[in-house]
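Taking the UniProt record's numbering, I'd label the letters of the sequence shown as residues 1 to 234. The structure under discussion appears below in the form of structure tokens.
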Amino acid sequence: MKIALLGYGKMGQTIERVAIQRGHDVVTRIGRNDSIEDIQKADVVIEFTAPDSAVSNIKFCADMGLPIVCGTTGWNEELQEVTDYIDSKKGTLVHASNFSLGVNIFFELNRKLAAMMAPYQEYRVSMEEIHHTEKKDAPSGTAVTLAQGIAEYTDLNKWHLGTDNESNSLPIDAQRVKDVKGTHSVHYSSVIDDIEIKHTAHSRDGFAIGAVIAAEWITKHKGIFTMKDVLNLS
């Protein structure tokens, strides 16, 4: 499979290494100042750039008839616009707040725990996420996905940054620490005890492997998907 990397920072370089290990060819690497036109050499595009360029990148790939795996977060407010555009072009997109296989299992565990805890109003739920200082969005896309999973089973239909309690809102403590790859924890606290689930990333390899697996999968499908589809998670 011929892969174009749209975004060639630390994440793009890790994806390149993983893709080559899995027997694929990286035919072009497009950084901030490179021409995007070379992208047409590829069978599939893996995009990890920035929130302010992700939507235009996705649309460009759709115009070129190229399936795209998008790992950039922070553009969810434009998801419906992107969905309509991809549909109009009969294109293919896999988007996710996190491509790590472990994190996507963690998403399902979070939803299951939220459903189990819903009857017990004595527990207060909160979240903490820690990322490297170069992370542009806060809270992380992963934290937002976790919050959405909790909202399915509680009256916490929104989130806010910080640790203070607010009515119908989930507190998310977003911390930025040098060289942290990504840690997310969901905490249920009562006077009697605490329950916590936690995912800690040790390297970027988990995200890269998931993105390459998604690229392998997407070449056999048409439409708009998430990692839940790729991994066949119920």
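For each residue, glycine too, the CB sits at the ideal point set by N, CA and C. For clarity, every value in this text was computed on a predicted model and none was experimentally measured.
- Contact annotation, isoleucine 68 with valine 45: C-beta distance approximately 4 Å; criterion of less than 8 Å satisfied.
- Per DSSP, reduced to three states, the secondary structure at threonine 219 is coil, with no helix or strand assignment.
- Segment contact: the region 105-117 against the region 167-183, fewer than three CB-CB distances shorter than 8 Å; contact not assigned.
- Straight through space, the alpha carbons of valine 212 and valine 26 are spaced by roughly 11 Å.
- If you look at lysine 2, you'll find it in the beta strand (DSSP E) that goes 2-6.
- Within the model, the alpha-carbon separation for aspartate 84 versus valine 94 is close to 14 Å.
- Residues Ala201, Gly206, Phe207, Gly210 of the same chain have their beta carbon placed closer than 7 Å to that of serine 100, with the five preceding and five following residues left out of the count.
- Under the 10 Å beta carbon count, histidine 132 is surrounded by fewer than 16 other beta carbons and is classified as exposed.
- Contact between proline 171 and threonine 163 holds, since their C-beta atoms are separated by about 5 Å, short of 8 Å.
- Straight-line spacing of the CA atoms in isoleucine 3 and alanine 138 works out to 30 Å.
- Judged by pairs of C-beta atoms under 8 Å, the region 152-163 does not touch the region 183-197, as fewer than three such pairs exist.
- Ranking Thr154, Gly65, Met227 by CA distance to the CA of glutamine 40 puts Gly65 first.
- Proximity to tyrosine 120 across His24, Ala19, Tyr153 peaks at Tyr153, based on C-alpha coordinates.
- Taking a 10 Å sphere around the C-beta of threonine 28, we find 16 or more other C-beta atoms and assign the residue as buried.
- Secondary structure note for valine 82: its alpha helix (DSSP H) is the uninterrupted segment 79-88.
- Exclusion of the five residues before and after threonine 219 leaves Met1, Asp43, Val44, Pro67 as the residues of its chain whose Cβ lies within less than 8 Å of its Cβ.
- Between the C-alpha atoms of aspartate 179 and glutamate 129 there is a straight-line separation of about 14 Å.
- If you ignore the 5 residues before and after glycine 223, its C-beta comes within less than 7 Å of the C-beta of Thr92, all in its own chain and listed in chain order.
- If one requires a minimum length of 4 residues, the alpha helix (DSSP H) runs lying completely within the UniProt domain "Dihydrodipicolinate reductase C-terminal" (102-231) are 141-151, 205-218, 227-230, in chain order.
- Beta-bridge partners of leucine 93 (DSSP): Ile68, Ile224.
- A straight line joining the alpha-carbon of arginine 17 with that of alanine 214 spans about 16 Å.
- The beta carbon of serine 169 lies closer than 7 Å to those of Leu156, Lys158, Trp159, His160 in the same chain, with the five residues before and after it left out.
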